Amino acid sequence: MKRAIDAVASSSGEFLLKKAKASHAKLASGAGFDNTLHHIIAEPTTFDLKNEIKPPALTKPIKKSPGLDLVLYKPFIPRPTSTKLFNYLLEALPWHRVQYATRGRDITTPRFTTVFGCDETGAPLDTYFRRPRALPPILTALTDLVERQTNAHYNFVLLNYYADGDHSISYHSDDEAFLGPNPIIASLSLGGARDFLMKHKTESARKEKFVLDDGDLLLMRGETQTQWLHSIPKRAKASPRINLTFRKAINTKATNNYYRYNVGDGGIWRWMDGKMVHVGKTDEKASD
Ligand SMILES: O=C(O)CCC(=O)C(=O)O
Ligand SMILES: [Fe+2]
Numbered sequence: 001m002k003r004a005i006d007a008v009a010s011s012s013g014e015f016l017l018k019k020a021k022a023s024h025a026k027l028a029s030g031a032g033f034d035n036t037l038h039h040i041i042a043e044p045t046t047f048d049l050k051n052e053i054k055p056p057a058l059t060k061p062i063k064k065s066p067g068l069d070l071v072l073y074k075p076f077i078p079r080p081t082s083t084k085l086f087n088y089l090l091e092a093l094p095w096h097r098v099q100y101a102t103r104g105r106d107i108t109t110p111r112f113t114t115v116f117g118c119d120e121t122g123a124p125l126d127t128y129f130r131r132p133r134a135l136p137p138i139l140t141a142l143t144d145l146v147e148r149q150t151n152a153h154y155n156f157v158l159l160n161y162y163a164d165g166d167h168s169i170s171y172h173s174d175d176e177a178f179l180g181p182n183p184i185i186a187s188l189s190l191g192g193a194r195d196f197l198m199k200h201k202t203e204s205a206r207k208e209k210f211v212l213d214d215g216d217l218l219l220m221r222g223e224t225q226t227q228w229l230h231s232i233p234k235r236a237k238a239s240p241r242i243n244l245t246f247r248k249a250i251n252t253k254a255t256n257n258y259y260r261y262n263v264g265d266g267g268i269w270r271w272m273d274g275k276m277v278h279v280g281k282t283d284e285k286a287s288d
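With the first letter of the sequence shown counted as 1, position 171 gets the number 171 in UniProt numbering; the numbers rise by one all the way through.
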């Protein structure tokens, strides 16, 4: 399944876009506006992830249903590091609201997204739909730690920011051919707890529900993506949450797809003065 998975469009998208237009007009005319829209704010020197992360209190393999092969690490990142990381990522990164058309409908992704990484084919960077962005140091450090914990290699980090309970990801599986067979995906949660629902693709009575809490790491492997779907449903009340998925792209198609559905061309949003502000257009070619 390609990553056009947001056919359940969200009305909060339109609302946020309207709200942002006002801020954008103000920014465009205002002084002190940093025009390097894609920049990543340097991490505070107080980050010392390697020493702040301790072995998880709980490491729970979950294999009770056919094809389901998960490991839950609770927590992988303890507080207050998880909070510090959440706050830093929200503010430091350029975010996007991706819009695309599918089956004749215009969809606005019902959450903010952003992505870093590249396949390891060595293809020239300017041959991609969007110029791939290098992992910023904090994501390189995190990837190293996740690799060590999960014994796998990743070259991509996709981030989702769910501002509130209206933000969601609909049922999908990440079994794209460009990740190779039985991809290993590690998923890190920061901030507000959300339900993570799973259902078997063919045996619809088989369902699972986990609460993903601040600092939790969920490893999905084996036939999980082939046999199961997962989602983060909307809920009445939810605190802001960032999710990071660590993946391994094996070809250029993967890289193009990830930038198309996580950067897109709907513009750049930044966390400024306690809210997301639409700061400008995505550069046609360079996204770094
Ligand atoms: O936010 C989550 O926990 C899940 C995100 C997800 O499934 C995805 O990005 O493919
Ligand atoms: Fe997913």
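All C-beta atoms, glycine included, are put in the ideal place defined by N, C-alpha and C.
Please read these numbers as outputs of a predicted model, since none were measured by experiment.
Lys209 and Trp228 do not touch by the CB rule: their CB atoms are close to 12 Å apart, not below 8 Å. The three-state secondary structure of Pro61, taken from DSSP, is strand. Of all alpha-carbon atoms in Asn251, Asp273, Met272 and Gly267, the one lying nearest the alpha-carbon of Gly117 is that of Asn251. Burial state of Asp174 is buried, judged by a 10 Å Cβ sphere holding 16 or more other Cβ atoms. Relative to Val211, the option among Thr202, Leu190, Gln225 and Gly222 whose CA is nearest is Leu190. In this chain, the beta strand (DSSP E) harbouring Ser231 covers Trp228 to Ile232. Thr150 is the residue among Asp273, Thr150, Arg130 and Gln99 whose C-alpha sits nearest the C-alpha of Lys60.
Between the alpha carbons of Asp144 and Asn155 lies a gap of roughly 10 Å. Around the beta-carbon of Pro183, 16 or more other beta-carbon atoms lie within 10 Å, marking it buried. Annotation for Ala163: Pro240 place their beta carbon closer than 6 Å to its own, counting only its chain and skipping 5 residues before and after.
Arg97 and Tyr128 have their C-alpha atoms some 20 Å from each other. Counting C-beta atoms within 10 angstroms of its own C-beta, Arg133 has 16 or more neighbours from the protein chains shown and is therefore classed as buried. Three or more beta-carbon pairs separated by less than 8 Å link the segment 258-272 to the segment 98-105, which places the two stretches in contact. Between ligand 2 and Asp69, a heavy atom-to-CB distance of less than 7 Å is absent.
Lys74 and His39 have their C-alpha atoms spaced approximately 32 Å apart. Placement of the Cβ of Phe196 at a distance of less than 7 Å from at least one heavy atom of ligand 1 is found. Bounds of any beta strand (DSSP E) do not take in Val146; it lies within the alpha helix (DSSP H) bounded by Pro137 to Thr150. Taking the Cα positions, Ala193 is about 23 Å away from Gln225.
Here DSSP, grouped into helix, strand and coil, assigns Thr245 to strand. Close CB contacts of Ala254 within its chain, under the 6 Å cut and outside five residues either way in sequence, are with Asp119 and Phe178 (chain order). Pro136 counts as buried, since no fewer than 16 other beta carbons sit within 10 angstroms of its beta carbon.
The C-beta of Thr113 has 16 or more other C-beta atoms within 10 Å across all chains shown, which makes the residue buried.
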